[in-house]
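Trainee: Quick one: this structure, given as structure tokens, is what I'll be asking you about.
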Amino acid sequence: MTYTFEILPMNLEQAGYISSFVKRLLTDDNISKMIVRRVSIATYEAEINVVIHSYGGKCVIDYNQKQLKIVFSDTGPGIKNIDAAMSEGFSTASLFARENGFGAGMGLPNIRNSCDEFDIQSSDKGTILTIIFNL
Amino acid sequence: MKLNKLVDILDATVYTTKTYNSEKEVVFAFSCDLMSDALMMLRNVPLEFCEKGILSTGLVTIQGVRTAEMLDVKVILLVRDKKPTDQVIQAAEENDIIMLGTSYTMFSSNGKMYEAGIKGISEI
């Protein structure tokens, strides 16, 4: 099954909707709770990243019995230094993000450590994050 | 300990009357204002830590509820007398989360919980 969601920029009221959907999807299919937790954490962190850092984007979820693949893509402004962004504690988050509980600089490292496959590509045209979980 | 004992110790307010269960067993707690800290630190703890755990925070936005939801934490303790909006309370109840509030600071409420036997990640 494939599911597509739009993600609005700076809309923290909506942030978490996709993660909730994915969590319910896996829970209803009796996927192991430890896997569900890893998926939920990674999806939520990624969703928040698009909301607080980008001009908006979308999320495409491909789900089958063996694998869950989630692609987050946005329309910019991109990550200037991916190596730095992958370092724990590095953050370019705004005061708005920090006031809402994010911006510790742990998002991308946490996503990478939660999934089985991780890829990120970025330019000033946007960022594409692909995360895969073996189920 | 039972949740009603924790409410007594912290002189806590119960915001989510629909989900409050005075007999719920709570054993563990984690405290932070940055939700990324919770999402990272609780990623690999035993499931029981979250299921019988308390997320203690000064963050009163809906993202605290979302974070608890993702981690399967069923009790949120708001410290420093932070007041949740009706929308935040509703979101907690929809996710079967109990939301409490205390006027104690994070330091003092943690101290009271620790003294009463609640354990942190360092104690498991």
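Those protein sequence lines, which keep their order, are chains A and B.
Letter by letter, the first sequence follows residues 1 to 135 in the numbering used here.
Letter by letter, the second sequence follows residues 1 to 124 in the numbering used here.
For glycine and all other residues, C-beta sits at the position ideal for the given N, C-alpha and C.
1) Checking 9 Å against the spacing of the C-beta atoms, do Ser31/B and Leu3/B come in under that value?
2) For Gly53/B, list the residues DSSP reports as bridge partners.
3) From what residue to what residue does the beta strand (DSSP E) around Ser73/A run?
4) Relative to the C-alpha of Thr75/A, which residue among Ile128/A, Asn81/A and Val60/A is closest?
5) Which chain A residues are close to Thr16/B, counting only those with a beta carbon under 9 Å from its beta carbon?
6) Which residue from Leu8/A, Leu25/A, Gln14/A and Gln65/A puts its Cα closest to that of Leu135/A?
7) Span of the beta strand (DSSP E) holding Met99/B?
8) Between which two residues does the alpha helix (DSSP H) carrying Glu162/A extend?
9) Excluding the 5 residues preceding and the 5 following Arg38/A in the sequence, name in chain order all residues of the same chain whose CB lies nearer than 8 Å to its CB.
10) Counting only C-beta atoms, is Thr61/B closer than 9 Å to chain A at any point?
11) Can you name the residues of chain B whose CB is closer than 8 Å to the CB of Ser73/A?
Mentor: So, from the data block:
1) On the second sequence, residue 31/B is found 31 positions in, with the first residue counted as 1. On the second sequence, residue 3/B is found 3 positions in, with the first residue counted as 1. Against a cut-off of 9 Å, the Cβ pair of Leu3/B and Ser31/B comes out as no contact.
2) Numbered from its first residue, the second sequence carries residue 53/B at position 53. In DSSP, Gly53/B forms a bridge with Phe28/B.
3) On the first sequence, residue 73/A is found 73 positions in, with the first residue counted as 1. Element bounds for Ser73/A: Gln67 to Asp74.
4) Here residue 75/A corresponds to residue number 75 of the first sequence, with the count starting at 1. The option with the nearest alpha carbon to Thr75/A is Ile128/A.
5) To locate residue 16/B, count along the second sequence from 1; it is residue 16. Within 9 Å Cβ-Cβ: nothing; Thr16/B doesn't reach chain A, min ~18 Å.
6) Position 135 of the first sequence, counted from the start, is the residue given in the question as residue 135/A. Comparing Cα positions, the closest option is Gln65/A.
7) Your numbering for residue 99/B matches position 99 in the second sequence. Where Met99/B is concerned, the enclosing beta strand (DSSP E) stretches over Ile98 to Gly101.
8) The first residue shown for chain A is 1 and the last is 135, placing residue 162/A beyond what the model contains.
9) Taking the first sequence and counting its residues from 1, one reaches residue 38/A at position 38. The residues are Ser114, Cys115 and Phe133.
10) Here residue 61/B is taken as the residue at index 61 of the second sequence, counted from 1. Output row for Thr61/B: interface = yes.
11) One-based indexing of the first sequence puts residue 73/A at position 73. Chain B residues near Ser73/A: none, gap ~22 Å exceeds 8 Å.
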